[in-house]
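Residue numbers (this note's numbering): 42 to 441. Ideal Cβ positions, reconstructed from N, Cα and C, are used throughout, including at glycine. Every value quoted in this text rests on a predicted model; they were computed, and no experiment measured them. One structure is given below, encoded as structure tokens.
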């Protein structure tokens with residue numbers, strides 16, 4: 042039932058409503074547990090299943106993935122014709138909360154069971170946070186129903202479909218020594234002529250290209266930097282244990298620890314930015330939480346399957362072409378027609394008010410708007426957040 046080239050069975054456990062196995066990945070020795078569930082359809086037996094799953098999670102203190110036919114929904118919206126939250130639904134949600142299990146979104150449909158008269162979502166996969174972290178690109182897909190009244194569910198750990206990556210200014214760059222001065226140097230080297238808004242747009246586009254190049258060639262991937270520092274720290278520790286470390290080694294160890302602290306802060310900043318959990322402050326050391334929230338956003342925003350008039354559309358290119366075609370059809374006019382305003386009387390404003398509305402923006406107005414915005418929000422599609430403008434605004438005040 043499993044590919045021994047991918048996972049090795051460590052232990053198995055058979056209970057009344059579940060079959061549990063612990064596995065070890067061949068490539069990275071990651072140990073995790075899976076439990077296949079077939080839930081009863083009466084409340085008294087269902088409580089035995091909840092106790093069974095709680096016992097399994099306590100017996101094996103490892104990351105978990107639990108899936109199968111639970112024979113119960115979590116919310117009224119998951120059962121056609123049901124409007125009230127029943128006690129069994131509440132108990133199911135309470136179990137997932139107590140065991141700290143993540144209920145993954147379902148792509149490809151809302152329900153997993155049907156008898157042609159009623160529809161419900163009885164089947165699902167739930168995972169623990171550490172399991173989700175190890176497989177960050179999880180996707181749960183509903184497959185076509187063949188001969189059963191249940192739809193098959195595929196848990197894909199291979200990854201979400203990646204589209205074009207747009208530029209976004211990384212707040213962690215501001216922690217790099219001399220970064221703001223580098224921005225100033227680049228900005229002063231850009232030469233554009235035209236209106237102030239045209240010059241600003243041109244310089245931001247040029248800065249976008251320089252930042253991409255600098256991030257790729259100089260700054261590098263933050264995970265690679267962290268792994269390199271960890272390796273060096275391990276080597277320094279081994280020398281200390283072997284009594285072969287020198288004064289330079291001990292001094293270097295302090296430097297490496299300081300750099301690791303800085304890298305950890307940068308990693309936390311970037312995952313906080315991606316997670317959009319802006320109610321937490323930088324420095325809270327909640328990197329794993331930010332990571333899970335960011336991955337959750339990716340799953341919720343991903344389009345894995347489309348349905349149109351009974352046809353299932355999957356695959357990156359097919360979905361992309363279908364979306365483009367649909368919007369072209371929606372936004373293309375077949376008949377040229379415009380409403381006419383002849384004969385309609387509109388209230389007008391006096392010339393003084395009109396001149397006041399059309400006056401140029403004053404500097405204090407612009408600064409007031411900037412200071413009132415959330416620093417992690419970008420005012421436009423260019424990827425530069427307000428934090429960028431507030432911190433380097435004095436350097437960029439003049440656009441020519």
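Of the residues the options, the one placed nearest residue i, counting alpha carbons only
{"i": "residue 128", "options": "166, 87, 165", "result": "87"}
{"i": "residue 308", "options": "81, 115, 212, 90", "result": "212"}
{"i": "residue 78", "options": "108, 403, 194, 163", "result": "108"}
{"i": "residue 148", "options": "354, 263, 232", "result": "354"}
{"i": "residue 224", "options": "210, 234, 237, 236", "result": "210"}
{"i": "residue 84", "options": "72, 413, 130", "result": "130"}
{"i": "residue 68", "options": "48, 61, 80", "result": "48"}
{"i": "residue 59", "options": "291, 250, 133, 111", "result": "111"}
{"i": "residue 423", "options": "242, 232, 237", "result": "242"}
{"i": "residue 415", "options": "231, 427, 122", "result": "427"}
{"i": "residue 89", "options": "293, 268, 133, 403", "result": "133"}
{"i": "residue 30", "options": "157, 160, 95", "result": "What is shown of the chain runs 42 to 441, which leaves residue 30 out entirely."}
{"i": "residue 246", "options": "258, 233, 257", "result": "233"}
{"i": "residue 231", "options": "217, 251, 400", "result": "251"}
{"i": "residue 275", "options": "261, 263, 391, 290", "result": "290"}
{"i": "residue 71", "options": "380, 174, 264", "result": "174"}
{"i": "residue 145", "options": "115, 157, 154, 156", "result": "115"}
{"i": "residue 264", "options": "295, 306, 227, 244", "result": "306"}
{"i": "residue 238", "options": "401, 413, 44", "result": "401"}
{"i": "residue 349", "options": "364, 373, 372", "result": "364"}
Neighbourhood of residue i by C-beta distance below 6 angstroms, restricted to the same chain and skipping five residues each side
{"i": "residue 106", "result": "75, 168, 172"}
{"i": "residue 184", "result": "193, 195"}
{"i": "residue 286", "result": "280"}
{"i": "residue 441", "result": "The pLDDT assigned to residue 441 is 44, lower than 50, so where the model puts this residue is not dependable; a value taken from the coordinates is nonetheless given after this. Within the same chain, residue 441 has close Cβ partners 240."}
{"i": "residue 54", "result": "61"}
Own chain partners of residue i with C-beta closer than 7 angstroms, once the 5 adjacent residues on each side are dropped
{"i": "residue 186", "result": "192"}
{"i": "residue 151", "result": "162"}
{"i": "residue 322", "result": "Note on residue 322: pLDDT 49, under 50, position unreliable in the model; no value is reported."}
{"i": "residue 208", "result": "249, 253, 424"}
{"i": "residue 117", "result": "123, 124, 125, 126"}
{"i": "residue 418", "result": "426, 427"}
{"i": "residue 51", "result": "63, 64, 65, 72"}
{"i": "residue 320", "result": "With a pLDDT of only 42 at residue 320, under 50, the local geometry of the prediction cannot be trusted, and the value read off the model is given with reservation. Correct list: empty, nothing qualifies."}
{"i": "residue 405", "result": "none"}
{"i": "residue 372", "result": "none"}
{"i": "residue 397", "result": "none"}
Contact check, residue i vs residue j, beta carbons under 8 angstroms
{"i": "residue 113", "j": "residue 163", "result": "yes"}
{"i": "residue 188", "j": "residue 140", "result": "no"}
{"i": "residue 136", "j": "residue 101", "result": "no"}
{"i": "residue 277", "j": "residue 301", "result": "no"}
{"i": "residue 93", "j": "residue 56", "result": "yes"}
{"i": "residue 297", "j": "residue 279", "result": "no"}
{"i": "residue 411", "j": "residue 425", "result": "no"}
{"i": "residue 310", "j": "residue 266", "result": "no"}
{"i": "residue 166", "j": "residue 198", "result": "no"}
{"i": "residue 170", "j": "residue 143", "result": "yes"}
{"i": "residue 159", "j": "residue 121", "result": "yes"}
Contacts around residue i, its chain only, beta-carbon distance under 8 angstroms, and the 5 residues preceding and following it disregarded
{"i": "residue 254", "result": "none"}
{"i": "residue 119", "result": "151, 152, 161, 162"}
{"i": "residue 217", "result": "260"}
{"i": "residue 190", "result": "154, 155, 156"}
Identity of the residues DSSP links to residue i by a beta bridge
{"i": "residue 349", "result": "352"}
{"i": "residue 166", "result": "108"}
{"i": "residue 194", "result": "183"}
{"i": "residue 79", "result": "110"}
{"i": "residue 148", "result": "182"}
{"i": "residue 74", "result": "63, 105"}
{"i": "residue 25", "result": "The structure shown does not extend to residue 25, since the chain spans only 42 to 441, so no value can be given for it."}
{"i": "residue 447", "result": "Here the chain comprises residues numbered 42 to 441, so residue 447 is not present and cannot be evaluated."}
{"i": "residue 48", "result": "66"}
### 3 or more residues per run - each beta strand (DSSP E) lying fully within the segment 401-433
none
### Message
Which complete alpha helix (DSSP H) runs does the segment 110-145 hold, if anything under 4 residues is left out?
### Response
128-139
### Query
Whole alpha helix (DSSP H) runs in the segment 257-312 with 4 or more residues, listed along the chain?
Residue ranges of uninterrupted alpha helix (DSSP H) with 4 or more members, entirely inside the segment 257-312 and ordered along the chain, are 263-282.
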